[in-house]
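The opening position of the sequence shown corresponds to residue 1 in UniProt numbering, with each subsequent residue numbered one higher.
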Amino acid sequence: MAQANKNQDRLFLGFDFSTQQIKVIAVTDAFEVVYDGHVQFDVDLPEFKTNGGVHIHPDHVTITTPTKMWVKAFDLLLSRMKASDFPFHKVVAVSGAGQQHGSVYWKKGARIQLANLSPDQNMFDQLKDSFSVDDSPVWMDSSTADQCLKLEKAVGGPQVLASITGSRSYVRFTGNQIMKISETKREAYDNTERISLVSSFAASLFIGDYAPIDHSDATGMNLLDIWTREWAPKCLEVCGPNLAEKLGPSVHSTKPVGKVSSYFVKKYGFNPECVVVAFVGDNPASLAGLAPEQGDVVVSLGTSDTVFLWLTKPTPGLSGHIFANPINQDDFMSLTCFKNGSLTRERIRDENSEGSWDKFSEMLKKTPPGNNGALGIYFDQMEIQPFAEGVYRFDGEGNKVDSFPPEVEVRAVIEGQFIARKVHAENVGFQLGPNTRVIATGGASNNQEILQVLADVFNSPVYVKEVPNSAALGCAMRAKHTLDGGKFSDIAQKAHPSVLVASPGPYSQVYSQLSVRYREFEKMIETQSQ
Ligand SMILES: O=C(CO)[C@@H](O)[C@H](O)CF
Numbered sequence: 001m002a003q004a005n006k007n008q009d010r011l012f013l014g015f016d017f018s019t020q021q022i023k024v025i026a027v028t029d030a031f032e033v034v035y036d037g038h039v040q041f042d043v044d045l046p047e048f049k050t051n052g053g054v055h056i057h058p059d060h061v062t063i064t065t066p067t068k069m070w071v072k073a074f075d076l077l078l079s080r081m082k083a084s085d086f087p088f089h090k091v092v093a094v095s096g097a098g099q100q101h102g103s104v105y106w107k108k109g110a111r112i113q114l115a116n117l118s119p120d121q122n123m124f125d126q127l128k129d130s131f132s133v134d135d136s137p138v139w140m141d142s143s144t145a146d147q148c149l150k151l152e153k154a155v156g157g158p159q160v161l162a163s164i165t166g167s168r169s170y171v172r173f174t175g176n177q178i179m180k181i182s183e184t185k186r187e188a189y190d191n192t193e194r195i196s197l198v199s200s201f202a203a204s205l206f207i208g209d210y211a212p213i214d215h216s217d218a219t220g221m222n223l224l225d226i227w228t229r230e231w232a233p234k235c236l237e238v239c240g241p242n243l244a245e246k247l248g249p250s251v252h253s254t255k256p257v258g259k260v261s262s263y264f265v266k267k268y269g270f271n272p273e274c275v276v277v278a279f280v281g282d283n284p285a286s287l288a289g290l291a292p293e294q295g296d297v298v299v300s301l302g303t304s305d306t307v308f309l310w311l312t313k314p315t316p317g318l319s320g321h322i323f324a325n326p327i328n329q330d331d332f333m334s335l336t337c338f339k340n341g342s343l344t345r346e347r348i349r350d351e352n353s354e355g356s357w358d359k360f361s362e363m364l365k366k367t368p369p370g371n372n373g374a375l376g377i378y379f380d381q382m383e384i385q386p387f388a389e390g391v392y393r394f395d396g397e398g399n400k401v402d403s404f405p406p407e408v409e410v411r412a413v414i415e416g417q418f419i420a421r422k423v424h425a426e427n428v429g430f431q432l433g434p435n436t437r438v439i440a441t442g443g444a445s446n447n448q449e450i451l452q453v454l455a456d457v458f459n460s461p462v463y464v465k466e467v468p469n470s471a472a473l474g475c476a477m478r479a480k481h482t483l484d485g486g487k488f489s490d491i492a493q494k495a496h497p498s499v500l501v502a503s504p505g506p507y508s509q510v511y512s513q514l515s516v517r518y519r520e521f522e523k524m525i526e527t528q529s530q
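Okay, structure coming up:
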C-alpha cells in the first residue's frame, strides 16, 4: 500500500488508567481524534462500591482500589469499542498511563494465566483470582508514615533518599506501600511473583506477560536511582525481601515492551503486529501530551492537582519530586502534587452551588479577585504538603472563622488551592517570570472562570490544548514516536497547538500579599498537626 494510503489507515491508541475512570482515545497520524471512550468506576461498576474510584477505609488514611475492578473496567471499555465497530485492525501501536504510585500484586502462577487467556471469556473471569493482594494501595493512601521513617533512616536521612531517588520518602510512594504489605501481609507478599505499578499492570494485560515498569513511574516509588535508572539496592533491602526479583526490570518510557497478545487479536481483531509501548505514570504522560516549552509550567487539575515542568538539571530536595522524563532519557521533570483537588472542588460546588458548575462559575464571577482578603484552606483528605487535614477559614483581618457566605466559599476554595499550587511550586525552585506560560489540563481546565483565577494567581497567561485528556493524548503521541522514530518535538508540533484561554488581570499585588498570608496560615496548621 502507498505510504500516504498506509498512513491514512493507521490508528494509535492512548489509554489512561486514572483514579476515577479508564479513558481511551484513538488518533490518526495527524492526531485527529477518531474515538474516545471511558468507563467511570463508580457509575459503570457500582458493584465495587467505590467513591471517586477508591475505598476510603475507616481509619481515613488507608485508601485502596479493588485490583480486579480495573480488569473488569478494561473488559467493559474494550467491549464498548467493539460494539461501536471500532477498527482495531488499523491500530499499529498503543501506549497508556496509570495513576502513579498504585501497586498490583500478582499471585504465584498468574503469569501462566496471563499468557493463556481464552478469547471466549473476558479477562475479569480469568484473572479475578490472580492477585495475592485484592485491594491495591493507591496514591491517596497516607497510612505508611512509619515505613517512610524507616526508609529514610536506612539510607541516611531524607536528603540522602531524595538525592538517590528524586524524592524524600512520601506516604503514597510505592516502596513504602510495599514495605507495609511485606510487614502486615507477609504471606500474601511471599505469594507474590510480580509487583506492578498501575501503568505496567495495564501494559501486562495488553502483552499477556509481565511488562517492565518504566523509568518515569519507577521514580515515584522511592526505589529507583534517578541517575543510574537502576533499582537502588539500599532502598530495596529495607522495603521487602527479594524485592528486585518481584519488581523485574525497569525500562525507559520510549521502549516497546511487546506486541498485543493473541487474546486481543482473537477477541477484538487487533493486528498481531500492533506494538505496545511502555505504559507510564499519568503525570509524565501529560507532560508528553502537553509538550511544554522552556518557561512553561503545567498545572493539571484532576483528582489530584499537580504542578510540573520539564527539567534538564534537577536538584532533588525535601519538598516536591524529581521524576525521570518520559521523552528524553537524559532529562527529568519536577512535580508537586496536591491530594485535595477535584473531589474537594466538587464538594464545595455541591454544598454552595447546588451541584452546578454553571452556578459555581457565576459565583466566581460575582466575587472580587482576592476575595476581600478571605482565605480558605480545604484539606478534606490528609494533604501531602503540608501533612495536615481539616478545613480552615480566615477573614480579611486574619481571624479564624467557621464559615463563609456561599459565594465567598466558592472563590476561597479556588484561590486557596491555586495560591498553594504557586507557593509550593516556588518552594521547589519554580520562578514565575515575564515569559511564564501556564499550560492547564485536567477536568477543571474546561471551566473558563476557574482558569481566569489561575491566570490571576499565577500572574501569567493560561493555555490549554484542544484535546482535554492530555495523559491519553500523550500516550498516543508516544506510541507513534516509538513506532516511527524521529524527534518527539516534531510530533508535538502536529498534535494540537496550545490555545490562549485566559490572561491575568492587574492583581499580582493582591495575590502576592495573599501568598504571604497563606504561607503563615499553612505553617500554623502544620505546627498544629504535628
Ligand atoms: O500522586 C500523584 C503524583 O505524584 C498523583 O498525581 C497521581 O499520579 C494521580 F493519579
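Glycine is no exception: its CB is placed at the ideal position from the N, C-alpha and C atoms.
Inter-residue CB distance, residue i and residue j (contact presumed, cutoff 8 Å)
i: asparagine 283; j: threonine 306; result: 5 Å
i: glutamate 383; j: phenylalanine 338; result: 7 Å
i: residue 595; j: serine 199; result: No answer is possible for residue 595: the residues shown for the chain start at 1 and end at 530.
i: alanine 476; j: isoleucine 178; result: That pair is no contact at about 31 Å.
i: glutamate 96; j: alanine 202; result: Rather than glutamate, the amino acid found at residue 96 in this sequence is glycine. Sure, about 5 Å apart at Cβ, within 8 Å.
i: leucine 335; j: glycine 317; result: With 8 Å as the limit, leucine 335 and glycine 317 do not qualify as a contact, their Cβ atoms being about 13 Å apart.
i: leucine 309; j: phenylalanine 131; result: In fact, because the Cβ distance is near 36 Å, the residues do not count as touching under 8 Å.
i: threonine 482; j: proline 256; result: 6 Å
i: valine 33; j: valine 428; result: No, valine 33 and valine 428 are not in contact; Cβ-Cβ is about 34 Å, not under 8 Å.
i: leucine 451; j: valine 501; result: 5 Å
Contact under 8 Å by Cβ, residue i with residue j
i: leucine 13; j: proline 87; result: no
i: threonine 498; j: tyrosine 463; result: Checking the sequence shown, residue 498 turns out to be serine, not threonine. Going by C-beta atoms, serine 498 is nearer than 8 Å to tyrosine 463.
i: proline 137; j: serine 182; result: no
i: threonine 165; j: leucine 224; result: yes
i: aspartate 434; j: asparagine 352; result: Residue identity check: residue 434 is proline in the sequence provided, not aspartate. It is not a contact, given that the beta carbons lie outside the stated cut-off.
i: aspartate 296; j: threonine 312; result: no
i: glycine 443; j: glycine 289; result: no
i: valine 410; j: phenylalanine 360; result: yes
i: lysine 185; j: glutamine 147; result: no
i: glycine 248; j: glutamine 100; result: no
i: serine 253; j: proline 326; result: yes
i: leucine 197; j: serine 169; result: no
i: glycine 505; j: proline 369; result: yes
i: aspartate 59; j: serine 143; result: yes
i: glutamine 111; j: aspartate 42; result: In the sequence under discussion, the amino acid at residue 111 is arginine, which differs from the glutamine named in the question. It is not a contact, given that the beta carbons lie outside the stated cut-off.
i: valine 94; j: valine 276; result: yes
i: lysine 108; j: asparagine 191; result: yes
i: phenylalanine 323; j: serine 216; result: yes
i: leucine 77; j: tyrosine 268; result: no
i: alanine 278; j: aspartate 214; result: yes
First and last residue of the uninterrupted alpha helix (DSSP H) at residue i
i: arginine 80; result: 67-83
i: glutamate 362; result: 357-366
i: valine 409; result: Just to set this straight, residue 409 is glutamate in the shown sequence, not valine. Glutamate 409 -> alpha helix (DSSP H) spans 406-427.
i: phenylalanine 488; result: 488-494
i: tyrosine 518; result: 508-529
i: methionine 179; result: 174-184
i: histidine 215; result: 215-218
i: isoleucine 384; result: Per DSSP, isoleucine 384 belongs to no alpha helix (DSSP H) and is neither H nor E.
i: residue 545; result: The structure shown has nothing for residue 545, since the chain only spans 1 to 530.
i: lysine 90; result: No alpha helix (DSSP H) holds lysine 90; DSSP gives it neither H nor E.
Minimum C-alpha distance to residue i - residue among the options
i: isoleucine 22; options: Val33, Gln40, Val34; result: Gln40
i: asparagine 176; options: Glu193, Lys153, Glu187; result: Lys153
i: arginine 194; options: Val277, Val265, Tyr105; result: Tyr105
i: residue 556; options: Pro468, Ser143, Ile377, Thr144; result: Given that the chain is displayed from residue 1 to residue 530, the structure contains no residue 556 and the question cannot be resolved.
i: serine 304; options: Gly52, Glu32, Asp36; result: Gly52
i: phenylalanine 270; options: Ala278, Asn325, Phe206, Pro468; result: Phe206
i: histidine 424; options: Val251, Val94, Pro368, Lys523; result: Lys523
i: arginine 437; options: Gln113, Ser261, Ala291, Val43; result: Ala291
i: lysine 480; options: Phe17, Ile525, Ala30, Ser79; result: Ala30
i: lysine 234; options: Val155, Gly341, Ala374, Ser167; result: Val155
i: serine 342; options: Gly398, Thr441, Asn399, Lys259; result: Thr441
i: glutamine 20; options: Leu45, Thr28, Asp9; result: Leu45
i: valine 160; options: Asn222, Val133, Pro119; result: Asn222
i: isoleucine 491; options: Ile414, Met333, Val27; result: Val27
First and last residue of the uninterrupted beta strand (DSSP E) at residue i
i: phenylalanine 124; result: Run containing phenylalanine 124: none in the beta strand (DSSP E); it sits in the alpha helix (DSSP H), 123-127.
i: tyrosine 463; result: 462-465
i: glutamine 100; result: Counting along the chain, glutamine 100 falls outside any beta strand (DSSP E), and DSSP gives it neither H nor E.
i: proline 249; result: No beta strand (DSSP E) holds proline 249; DSSP gives it neither H nor E.
Validate contact between the region 56-69 and the region 131-150 using beta carbons, cut 8 Å, 3 pairs: yes
Sufficient close CB pairs (3 or more, under 8 Å) joining the region 112-124 to the region 72-90: Contact holds: three or more Cβ-Cβ distances are below 8 Å.
Inter-stretch contact (C-beta, 8 Å, three-pair minimum) for the region 448-462 and the region 413-420: Of all C-beta pairs linking the region 448-462 to the region 413-420, three or more are shorter than 8 Å, placing the two stretches in contact.
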